[in-house]
Every structure is written in C-alpha cells, then in structure tokens.
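Chains as they are written, first to last, in our numbering: chain V, 502 to 643; chain W, 4 to 533; chain A, 13 to 138.
A short worksheet on the structure shown next.
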Amino acid sequence: MRTVIFRTIAPSLAAIMLVFSVFVLLRGHNEPGGGFIGGLIAASAIAIYGIAAGVTEVRSAIRVPPLNIAGFGVVIAGFSGLLSLGEHVPYLSGLWAFIPFGNSEVAISTPMVFDIGVYLVVLGTVSAVALALEETEEDHHD
Amino acid sequence: MATSAHTIDPGDLPRAMLEVATSLNDYVIVLPIVICLMGGAFLLLVRGWRGLQLGLTLTFLVAIAALEVQLFVRVLYDGPVAMTMGNWLPPFGITFAVDVLGAGFALAATIATIVVVVYYSTDTMLREVRYGFYSLIMLLLAGVTGAFLTGDLFNLYVWFEVMLIASFGLMIIGGRKIQLDGAVKYGFLNFLATTFFLIGLGYLYGLIGTLNMADIARVAGQTDSAAMIAVAGLFLLAFGMKAAAFPVNAWLPASYHTPDSAISALFGGLLTKVGAYALLRTMILLMPAARDVLDPVITVVAVFTLLLGPMGAMAQTNLRRAIGFLVIGGIGSVMAGIAISGPYGVPGGGLYALHSMLTMTAFYLVAGLVEQISGTDDIRKMGGIYRASSVLSILFLVLVFAAAGLPPFLGFWPKLLLLQGALSTDDWLLAAAILVNSLFTSIAGARIWAHVFWRNGREGEPATASNPDLKPVSEAISRPAILASVVLVALILYMGLRPNILFESARIAASDLLDPARYTQAVNLEVPER
Amino acid sequence: MIEQVLAALVGIFFTAAIYLILSKAIIRMLLGIAILGNGVNLLIFTLGRVSREVPPIVSDGELIPAEGFANPLPQALILTAIVIGFAMFTFLLVLGYRAYQELNADNTDTMRVAEPKDAPRPPLSY
C-alpha cells in the first residue's frame with residue numbers, strides 16, 4: 502500500500518478531507534450534513550493518513566488518544582443539553598444567539614454545540630477502531 | 004409546488020413546540036441518565052489517574068441514587084412525570100416518562116451498581132481500570148436507567164443497544180478463553196433479540212405511525228387487532244429473549260458465569276430485568292388487548308420457565324451456572340405475573356422483578372466470595388466453607404430463602420400476590436407452577452448450601468475429612484467485598500420484614516400500568532377511553 | 013407497486029439471513045446478522061410509506077417544507093439503526109475473529125469452553 506504516489510498525496514488529501522469535514526459539520530443545521538457524517542469524513546482522513554504514514558505517526562500527529570476525543574465529545578454534547586437548564590425549557594432544547602459580525606450575523610446555537618460533540622464522538626471512536634485494526638495488520642507484516 | 008413564506012402566517016401552523024416553562028424540578032427525570040453518560044465519558048478522559056476513578060465513580064453513583072430517590076418519592080405521591088426533549092410537543096419529541104415502576108427499578112439498579120462497585124473496589128481493580136472498566140459500568144447503568152425511564156419505544160431500543168455494547172465490553176474484560184466463548188453466544192443471541200425488537204418497532208410504526216409509549220397506549224385499541232397481535236408476538240419473543248425466558252434462555256447459563264463474579268452480579272441483577280420490565284411495559288400498558296390473545300402462550304412460557312429454571316440449577320456443578328438457572332426461574336415468576344395480569348399479577352410480577360434484581364446481584368456476589376475462598380467454581384470441591392466463614396453461610400442461606408420465596412423473606416411477598424392472582428382467576432396450572440418453583444428453588448439452593456457450607460470436605464471424601472484447598476478468609480476476600488455483600492443482604496432482609504411500602508408502591512405502579520390515564524396525562528396527551 | 017417489490021425484497025433478505033444464522037459457522041452467522049440488519053432497515057423504510065416526492069428539507073425563506081415531502085422519521089430511525097447495527101457488527105466481527113484465534117473454532121459445536129461437553133454429574137450426596 503505504501504507507494505510513493507500514495508505517500509505523497511495522503512497528507513494533502515487528509516488535510517482537505519479534514520477541512521471538508523468541518524464544512525459538512527457546520528452546514529448541517531438546515532441542509533444535508535451534520536456531525537455524524539462530518540465525523541465519518543474526518544475519521545476516514547485519519548484512516549487514510551494511517552495507511553500511508555503508519556499508525557505511530559498518526560498517533561503522534563493527533564496528540565490525544567482517539568478515545569479521549571470521543572469522551573470529550575460526549576461531555577460537550579451532554580453539556581449543550583444542560584444549557585437549557587437556565588432557560589426553563591426541557592433538556593436538549595435548541596437555544597440560539599445571534600452575534601453581529603461585520604455586515605452579517607453569526608448564529609450560535611446549542612444544536613451546533615451538540616453536533617460538534619457528535620462529530621468528536623464519531624471521529625474518536627471510528628478512528629480508534631480504524632487505527633487499532635491498522636495496527637494489527639502492521640504486526641502481521643513485521 | 005412550493006408555498007412561499009408570504010402566504011403563510013406562522014400563527015396558522017399547528018403548534019409543535021411546548022410553550023409552558025419547564026420547572027427545574029423536572030430535570031430530575033433526565034439527570035440520572037445525563038450524569039451516567041457524561042460521568043462515564045469523563046471517567047474515560049481521566050482514565051490515566053487511576054486513583055481518582057473509584058472515588059469519582061462512587062460520587063456519580065451516589066448522586067444518581069439521590070436523584071432517583073427524589074424522583075421515586077415524587078412519582079409515588081404525585082403520579083407519573085414526563086419531559087419531552089428539545090421542547091417539542093409530544094408525541095413529536097423523544098419523551099422520558101417516569102412512573103413508579105420505572106423509578107423504582109432505576110433506583111434498585113443504581114443501588115445494585117453501587118454495591119457491585121464497592122465489592123469490586125479492591126480486587127483486580129488496578130488491572131481492569133486501564134480498559135475503562137468504570138466507564139463501561141457507567142455506560143451500562145446509563146443503558147439500564149435509560150430503558151427504565153424512557154417513554155419512547157425507539158428510544159428503548161437505543162438504550163437496549165447502549166446496554167448491550169457496555170455489557171459486551173464488560174464481558175470480555177480480561178480476555179480469558181471462557182469469556183470469549185461466553186461472549187460469542189451472549190453477543191449473537193442478544194443482538195438477534197434486539198433485531199427482533201426492531202422488526203416489531205418497524206411494524207408498529209407502519210401500523211399506527213407513532214412510537215411514543217403514551218401515544219401507543221392511547222391508539223393501540225383502535226388499530227387492526229390481528230396486526231397488533233403480530234407486533235406483540237415479536238415483542239414477546241424479543242423481550243423474552245432479553246429476559247431469558249423459556250425456550251429462548253440458552254444464552255444465559257452459557258455466558259453469565261464466564262466473567263468476574265462482580266460483573267456476573269451486575270448482569271444477573273440488571274440485564275434480564277430490563278427485558279422483564281420491557282415485557283411489563285409493552286404487554287400490560289401498551290397492548291393489553293394483544294396480551295389477552297397471547298395469554299395462553301405467555302402462560303406456557305411462564306410455567307416452563309418456572310419449572311425448568313430451578314431444575315437446571317439442580318443439575319449443575321458450577322456454582323455460578325447454577326445461580327444463572329435460578330435467575331431464569333425468577334424470570335418465570337415475572338412471566339407468571341404478566342400471564343395473570345390484573346390487580347394481583349401486575350404488582351406481583353413487578354415486585355418480583357425488583358426483588359430478583361437485588362437478590363440475584365447478592366447471590367452472584369456471595370458466590371464470588373465462595374469461589375475466592377475455595378479457589379474453584381465446582382460445587383463438589385467447595386465443602387467446608389461454613390468453618391472458614393460462617394457469615395457467608397448465613398448470607399447464602401438468606402438468599403436461597405429469598406429466591407425461593409419463603410416467608411418472611413423478600414421473595415415471599417410478590418409470590419403471595421402472584422398466587423392470590425392465579426387462584427382468583429382459577430388458573431390452577433400457574434398456581435401449581437409457582438408453588439413447585441418455590442419448592443424446587445429451595446431444593447436446588449439447599450443442596451448447593453449443603454455441599455458448599457455444610458459438608459466438611461469435598462464430595463467423595465469421608466464426611467469428617469476437612470477441605471485442604473480452602474484459603475484463609477482474611478487473605479482470600481477483601482473487607483469492602485464482604486461489607487458490600489452484607490449490606491445488600493441486610494437490605495433484602497429489611498425489605499422482606501417491612502413490605503408495606505413495597506406493597507403500596509407496587510399497587511400504584513400496577514394501577515398506572517393497567518389504566519394509562521395518568522401516564523398519558525403526564526406526557527401531555529389526551530386521555531384514552533377504555 | 014414499488015411497495016410490493018420492496019416487501020418481496022425484505023422477505024428475500026429475511027430468508028437469506030435466517031438461513032445463514034441457522035448455520036454453525038460463526039462467519040456465516042455474522043453475514044446473516046448483517047443481512048438481517050439491512051432487511052430490517054428496508055422494512056422500516058417501506059413501512060414509513062414510500063413516495064417519490066420532495067426531500068423533507070425546508071428551503072431558504074420558507075417556514076414549512078414543500079407540499080408532499082417524504083416522511084423523514086423512518087430515515088432518522090434507519091440511520092440510528094444503521095449506526096447501532098454497524099457498531100454491533102464490528103464488535104461481533106472482532107469477537108468472532110478473536111474466538112477463531114483463541115478457541116481455534118469457527119464451528120459453534122466445538123465451542124464448548126463455557127459449557128463443557130463432558131460436564132460432570134451433579135453431586136449426589138444429600
């Protein structure tokens with residue numbers, strides 16, 4: 502698998518996929534997209550980079566263990582629901598804030614925070630599984 | 004054709020959002036689950052700090068238990084409460100609806116979990132923590148609590164799967180061969196059960212277009228009854244499999260004895276009871292008409308489960324496998340409650356499930372201690388433990404009596420209700436099965452007790468010879484482990500001696516199951532006409 | 013018309029899945045489970061009523077989706093079921109593989125570690 506062509510193209514491909522995954526994540530509120538599909542794209546990027554550069558390099562590149570990313574995702578997704586506690590609405594209600602930004606305004610909402618949580622959970626768990634599987638394959642080659 | 008915004012006045016659209024402020028007190032409905040999930044994730048984040056894990060887990064669990072006590076007291080006095088996520092009007096949003104049955108089960112599950120965590124706190128802790136043991140425990144409890152508190156059938160499916168994933172992880176921690184073997188059977192059959200549940204959900208949605216429990220209870224009577232019976236049959240199969248009722252019980256004795264005894268205790272206490280709870284919920288609350296048609300089937304299932312459970316236990320030489328069969332026998336009593344139904348059967352079945360949750364957890368915990376002292380899982384080689392530890396022999400005997408349903412222990416009261424119900428409907432077959440189950444359970448339990456505690460030594464040796472393999476109690480078992488077991492058995496004993504509040508709660512829980520008026524009202528839907 | 017075709021397809025999926033699950037080989041059971049999961053998803057999709065109308069997305073400047081939009085709920089249910097089924101399938105696959113390595117068995121008949129075939133007779137005293 503580790504051809505020169507693949508190794509050359511993989512880092513830029515992974516980078517583009519990661520950026521695209523964030524685009525898909527943020528697009529998700531009113532149009533197709535969202536945290537789940539975004540997280541899957543990001544995890545595929547990591548998996549591709551892992552195939553090209555080796556699992557050890559990926560692990561040092563993402564710095565935190567993938568399972569920690571997933572755990573953090575659950576925490577912020579749960580937290581986004583708890584924000585409705587102060588507004589006297591049921592758990593996980595959508596709360597919006599519109600922040601003026603130049604000529605337009607930026608919409609910040611709890612569904613978005615929740616979606617970011619989902620993104621991190623999917624990214625974390627899927628890349629943890631992918632890296633673990635790639636690791637065992639490497640062991641067999643050695 | 005698209006309708007443009009100019010022709011529609013937002014005020015003309017039917018309302019979809021709740022416009023009443025939610026009281027902060029209502030958060031007690033979701034907080035137990037939120038704490039479970041977020042706490043589990045947090046424990047995963049800090050899994051490097053091993054010293055923190057136990058303390059944090061216990062803090063979360065005690066907080067959850069405190070919230071659930073509050074929730075239980077509230078539903079006991081004020082009737083069911085509900086919260087629909089995301090401010091949607093039911094039945095659009097996912098509803099969490101709690102009645103006495105759900106709150107009581109959730110509380111019992113949390114208590115059992117706390118006891119198990121304390122029991123397991125010293126043991127092999129340092130080895131297991133690395134694999135996120137406590138996160139998995141929290142995830143398991145989240146699944147169980149979610150299943151007890153949810154008011155939406157699809158959400159129930161999701162909690163089932165959460166529970167299943169966590170239990171997979173717990174079952175193979177350690178990775179011994181026997182665990183892999185057990186996990187394969189457990190995994191395949193339980194996943195198959197939830198898939199059957201999903202098929203039933205698909206049909207139900209196609210039939211009535213809603214999966215909100217209160218909404219189903221409202222409209223189920225007006226639907227094509229033949230199709231509803233098919234759905235109820237699928238649910239009976241799926242939940243019967245989860246609950247390990249005859250004839251789909253084979254996975255339980257094949258797998259429950261394979262992990263560490265504390266994890267067996269958690270499984271034996273919680274998992275099958277979620278299946279039993281789901282049966283009570285669907286058969287009694289949601290589809291009473293279909294239950295009446297399926298009644299002969301449920302009766303046969305109950306009779307065979309009642310009889311074959313303790314008979315299987317008698318035939319075992321592996322201590323925890325024998326207890327696994329006693330768990331199955333207990334499920335038979337719950338099935339009998341569903342078969343009898345009415346004002347005796349439902350509280351009897353519910354109370355028995357609650358009793359079984361605590362008793363079976365304690366049973367596995369005590370069995371674990373016995374295994375640690377004797378260093379084997381074979382009943383024939385365990386003799387002489389009474390001399391080593393008389394406390395254990397008392398605990399075990401109390402549990403045998405409680406499981407068999409002898410007065411004045413906890414298991415007696417639900418069995419009394421069941422018997423009363425069976426006799427009042429002239430269901431002699433069930434009445435006989437319930438009594439024979441008690442007899443067989445006493446025989447099976449007493450035989451185990453006699454072999455493990457009463458005998459001086461191993462099977463096949465002269466009765467006077469002592470057992471050389473027994474380890475000294477102070478070395479073999481840790482103090483938190485014995486303390487946790489004693490506390491749980493004392494709780495079972497106390498509840499058996501003071502059953503009044505249990506009876507009262509069971510009566511309220513049953514009346515809310517039999518008449519969904521208060522339940523649907525709490526969810527904010529119109530009350531059905533029955 | 014398409015409903016009948018889909019219903020028949022669900023039937024074929026279930027048949028194949030049950031045939032495979034009844035096999036003794038773990039890998040066939042796994043394939044059966046995967047096919048069963050897909051059959052169930054198709055079933056929910058069909059039961060949510062099939063229509064070839066507009067997607068359930070509210071366009072810019074609108075308050076409600078266009079007339080005759082497809083039912084989004086079955087799709088949400090299926091997505092959830094797919095995710096869960098995928099996770100379970102992955103787990104069972106790894107578990108089956110581990111069991112194959114450790115127990116050296118792809119046949120459920122020879123997987124008897126937890127339930128020994130020559131189980132001893134129960135104790136006969138008392």
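Where a beta carbon is used, it is the ideal one built from N, C-alpha and C, also for glycine.
Shorter than 7 Å from the beta carbon of F200(W) to some beta carbon of chain A?
Taking the second sequence and counting its residues from 1, the one referred to as residue 200(W) is at position 197. Taking Cβ atoms only, chain A never reaches closer than 7 Å to F200(W), which makes this a no.
Which of the residues in the stretch 444–476 of chain W, read from start to end, lie with their CB under 7 Å from any CB of chain A?
R450, A453, H454 and E462
Within 10 angstroms of its Cβ, does I510(V) collect 16 or more other Cβ (buried), or is it exposed?
By one-based count along the first sequence, residue 510(V) stands at place 9. Exposed, because fewer than 16 other Cβ atoms sit within 10 Å of the Cβ of I510(V).
Three or more C-beta pairs under 8 Å: does that hold for the stretch 301–309 of chain W against the stretch 375–387 of chain W?
no
CB contact flag (V101(W), I175(W), <7 Å)
What you label residue 101(W) is simply residue 98 of the second sequence in a count that begins at 1. What you label residue 175(W) is simply residue 172 of the second sequence in a count that begins at 1. Contact: no.
Rounding to the nearest angstrom, what Cα-Cα distance links V23(W) and A93(A) in this structure?
In the second sequence, residue 23(W) corresponds to position 20, counting from 1. In the third sequence, residue 93(A) corresponds to position 81, counting from 1. Taking the straight line joining both Cα atoms gives about 33 Å.
Are any of the Cβ atoms in chain W nearer than 7 Å to that of T533(V)?
Position 32 of the first sequence holds residue 533(V). The amino acid at residue 533(V) is misidentified as Thr; the sequence shows Pro. So, not an interface residue.
Given V161(W) as reference, the closest of D295(W), A223(W), L201(W) and F191(W) once Cα atoms are compared:
Start at 1 with the first residue of the second sequence, and residue 161(W) comes out as number 158. Here the closest residue by C-alpha is L201(W).
DSSP has V101(W) in a bridge; who is on the other side?
Here the question's residue 101(W) lines up with position 98 in the second sequence. Answer is V84(W).
Cα separation between I504(W) and F412(W)?
Counting from 1 along the second sequence, the entry for residue 504(W) is found at position 501. Counting from 1 along the second sequence, the entry for residue 412(W) is found at position 409. Cα-Cα distance, rounded: 15 Å.
Do A111(W) and M360(W) count as a contact pair if the criterion is CB distance below 7 Å?
In the second sequence, counting from the first residue as 1, residue 360(W) sits at position 357. In the second sequence, counting from the first residue as 1, residue 111(W) sits at position 108. Contact: yes.
I47(A): buried (16+ other C-beta within 10 angstroms of its C-beta) or exposed?
Here residue 47(A) is taken as the residue at index 35 of the third sequence, counted from 1. So I47(A) ends up on the buried side.
Tell me which residues of the stretch 614–635 of chain V have at least one Cβ-Cβ distance to chain A shorter than 7 Å, keeping chain order.
V630
Is there a Cβ from chain W that is less than 7 Å from the Cβ of T27(A)?
As a working mapping, residue 27(A) is identified with position 15 in the third sequence. At a cut-off of 7 Å, the C-beta of T27(A) has no neighbouring C-beta in chain W.
Given a cut-off of 7 Å on the beta-carbon distance, is the pair G332(W) and P350(W) in contact?
Counting from 1 along the second sequence, the entry for residue 332(W) is found at position 329. Counting from 1 along the second sequence, the entry for residue 350(W) is found at position 347. Not in contact: G332(W) and P350(W) (Cβ atoms no closer than 7 Å).
Cα-Cα separation, L290(W) to D518(W)
Residue numbering aside, residue 290(W) sits at position 287 when the second sequence is read from its first letter. Residue numbering aside, residue 518(W) sits at position 515 when the second sequence is read from its first letter. The residue asked about is misnamed: residue 290(W) is Met in this sequence, not Leu. So the alpha carbons of these two residues sit roughly 12 Å apart.
Note down, in chain order, all residues in the stretch 501–519 of chain W with a beta-carbon under 9 Å from any beta-carbon belonging to chain V.
none
To the nearest angstrom, how far is it from the Cα of L159(W) to the Cα of L48(W)?
Indexing the second sequence from 1 puts residue 159(W) at position 156. Indexing the second sequence from 1 puts residue 48(W) at position 45. Their Cα atoms are separated by approximately 27 Å.
Please name the residues in the stretch 298–325 of chain W whose beta-carbon is closer than 7 Å to at least one beta-carbon of chain A, in chain order.
From the stretch 298–325 of chain W, only M317, A318, Q319 and T320 have a Cβ closer than 7 Å to chain A.
Just to make sure I have the definition right: I need the residues of chain V whose C-beta is within less than 7 Å of the C-beta of V66(A). Which are they?
As a working note, residue 66(A) is residue 54 in the third sequence. Going along chain V, no residue has its Cβ under 7 Å from V66(A), so there is no contact; the nearest lies around 14 Å.
Put A305(W) into one of helix, strand or coil per three-state DSSP.
Here residue 305(W) corresponds to residue number 302 of the second sequence, with the count starting at 1. Correct three-state label for A305(W): helix.
Just to confirm, is the Cβ distance from A248(W) to I334(W) under 7 Å?
The count along the second sequence starts at 1 and reaches residue 248(W) at position 245. The count along the second sequence starts at 1 and reaches residue 334(W) at position 331. Yes, these two residues count as a Cβ contact at 7 Å.
Proximal chain W residues relative to P135(A), where beta-carbon distance stays under 8 Å
Mapped onto the third sequence, residue 135(A) falls at position 123. Correct list: T320, I382, R383, R450, H454 and E462.
Measure how close the beta-carbons of P417(W) and H358(W) come, nearest whole angstrom, since I'm counting them as under 8 Å.
As a first step, residue 417(W) must be located in the second sequence, where it is residue number 414. As a first step, residue 358(W) must be located in the second sequence, where it is residue number 355. So it is a contact: roughly 6 Å between Cβ atoms.
Which residues does DSSP list as the beta-bridge partners of N321(W)?
What you label residue 321(W) is simply residue 318 of the second sequence in a count that begins at 1. D381(W), per the DSSP bridge assignment.
Taking C-alpha atoms, which residue in I376(W), A196(W), W254(W) and A342(W) lies nearest to S481(W)?
Your numbering for residue 481(W) matches position 478 in the second sequence. If we check each option's Cα against that of S481(W), I376(W) comes out closest.
Residue-level contact to chain A via CB, R521(W), 7 Å cutoff:
As a working mapping, residue 521(W) is identified with position 518 in the second sequence. It does not: the Cβ of R521(W) has no partner Cβ on chain A nearer than 7 Å.
Tell me the rounded alpha-carbon separation between P35(W) and L74(W).
Working through the second sequence from its first residue, we reach residue 35(W) at position 32. Working through the second sequence from its first residue, we reach residue 74(W) at position 71. Each residue's Cα considered, the two are about 10 Å apart.
Validate contact between the stretch 523–543 of chain V and the stretch 616–635 of chain V using beta carbons, cut 8 Å, 3 pairs:
The stretch 523–543 of chain V, when compared against the stretch 616–635 of chain V, does touch it at the 8 Å Cβ threshold.
Using 7 Å as the threshold, is the C-beta distance between R55(A) and V95(A) below it?
The residue you call residue 55(A) lines up with position 43 of the third sequence. The residue you call residue 95(A) lines up with position 83 of the third sequence. In the sequence as presented, Arg is not what sits at residue 55(A); that position holds Leu. No, they are not a contact pair.
Backbone secondary structure at A608(V) - three-state DSSP:
Looking up residue 608(V) in the first sequence gives position 107. The answer is strand: DSSP assigns A608(V) an E or B state.
For the stretch 569–583 of chain V, which residues have a beta carbon sitting closer than 9 Å to at least one beta carbon of chain W?
N569, A571, G572, F573, G574, V575, V576, A578, G579, F580, G582 and L583
Which same chain residues, not among the five before or five after G82(W), have their C-beta less than 6 Å away from its C-beta?
The residue labelled residue 82(W) in the question sits at position 79 within the second sequence. So the qualifying residues of the chain are R521.
What's the call for L442(W), buried or exposed, on a 16-neighbour Cβ count within 10 Å?
Your numbering for residue 442(W) matches position 439 in the second sequence. Exposed.
Collapsed DSSP secondary structure at I5(A) in the structure displayed:
Past the edges of chain A, shown from 13 to 138, lies residue 5(A), and the structure says nothing about it.
Label K129(A) either buried or exposed according to how many other C-beta atoms from any shown protein chain fall within 10 Å of its C-beta, with 16 as the threshold for buried.
On the third sequence, position 117 is the one that residue 129(A) refers to. The residue is exposed, with fewer than 16 neighbouring Cβ atoms inside 10 Å.
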